[in-house]
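Enquirer: Next up is a structure, given as structure tokens.
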Amino acid sequence: MIRLFLVEDEALVRLGLRQLLSFDPRIEVIGDCANGAEAVDRIEREKPDVVLMDVRLPGLSGVEALKALRARGVLTPVILITTFDEEQAFLKAMHAGVSAFLRKDIAFEDLIAAIEAALRGERTFRPAITQVAQKRLFEMKSKFEAAELPDPLTPREVEVLRLMAAGLSNKEIAEALTAGEATIKTHASSILSKLGVRDRTRAVLKGLELGFI
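Residue numbers for the sequence shown follow the working numbering, beginning at 1210 and rising by one.
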């Protein structure tokens, strides 16, 4: 059973999504809410397997809520949905470690496929990316050649890299992972060395290219 948490501010849309998701017997919607701030608290507390969240929410947006979750060390896969193609929101969400960025007019079977992919650690973007966003993503990825790492990142280093991508400082990452700041600095240094880059920005871009983020 896939335990899903739903975040949507429009009551009728939220109800419709709940009913739609109920058609798949593998999915259980364990809770829902209408704003990002409440979502962050409840997701941290209720620990769903995956989150389906609107981009545009009152107060804390979907992207901001995603960043807040990562800042707390919550690495639950998050799928963001939107009515429009929003290049800036997409790029910010990508850097924060979003699992999928989809339009609300996506076919039901494609939504289910995105949920399953998120649980496997895969990312889904194409249904929502405009040509502009695709071009910018390609420009970022083209800075590096795809390559196998001779010295793979450890699971902890991947966690640190993803939090780096969300814009957290070493101190904030240490708090999120309940670790010492010196330990995080050691992880960060190891990440740069293994990825063969000089700074955090290039580490995030290389992480995107290699599929860590």
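The beta carbon of each residue, even a glycine, is placed where N, CA and C say it ideally should be.
So within the segment 1268-1327, which uninterrupted beta strand (DSSP E) runs reach at least 3 residues, ignoring any that extend past its ends?
Expert: 1287-1291 and 1309-1312
Enquirer: Would Gly-1306 be called buried (16 or more neighbouring beta carbons within 10 Å of its own) or exposed?
Expert: buried
Enquirer: What three-state label does DSSP hand Glu-1217 in the structure shown?
Expert: coil
Enquirer: In three-state DSSP terms, what is Val-1151?
Expert: No statement about residue 1151 is possible, as the shown extent of the chain runs from 1210 to 1422 and does not include it.
Enquirer: Pull the bridge partners of Asp-1241 from the DSSP assignment, please.
Expert: Leu-1215
Enquirer: Quick one: Cα of Glu-1217 to Cα of Val-1264, how far?
Expert: 9 Å
Enquirer: If the criterion is Cβ atoms closer than 8 Å, does the pair Gly-1245 and Ala-1220 meet it?
Expert: Not closer than 8 Å, so no.
Enquirer: Between which two residues does the alpha helix (DSSP H) containing Ser-1399 stretch?
Expert: 1390-1404
Enquirer: Take every Cβ of the segment 1287-1301, pair it with every Cβ of the segment 1392-1403, and state whether three or more of those distances are shorter than 8 Å.
Expert: no
Enquirer: Under the three-state reduction of DSSP, which class applies to Thr-1333: helix, strand or coil?
Expert: In the structure shown, Thr-1333 sits in a strand (DSSP, three-state: E or B).
Enquirer: Which stretch, first to last residue, makes up the alpha helix (DSSP H) that contains Arg-1365?
Expert: From DSSP, the alpha helix (DSSP H) with Arg-1365 extends over 1364-1374.
Enquirer: Whose C-alpha, out of Lys-1380, Leu-1377 and Met-1262, is nearest the C-alpha of Phe-1310?
Expert: Ranking the options by Cα distance to Phe-1310, first place goes to Met-1262.
Enquirer: What's the gap between the Cα of Arg-1212 and the Cα of Arg-1235?
Expert: Answer to the nearest angstrom: the Cα atoms are 9 Å apart.
Enquirer: What whole-angstrom Cβ distance do Ser-1308 and Ile-1290 have, given they're in contact under 8 Å?
Expert: Not really, about 12 Å apart at Cβ, beyond 8 Å.
Enquirer: Shortest alpha-carbon distance to His-1396 belongs to which of Leu-1372, Ala-1322 and Leu-1417?
Expert: Leu-1372
Enquirer: Output yes if chain D places a C-beta closer than 8 Å to the C-beta of Lys-1313; else output no.
Expert: Note that chain D does not occur in the displayed structure, where there is just one protein chain.
Enquirer: When burial is assigned at 16 or more other CB atoms within 10 Å of the CB, is Gly-1225 buried or exposed?
Expert: exposed
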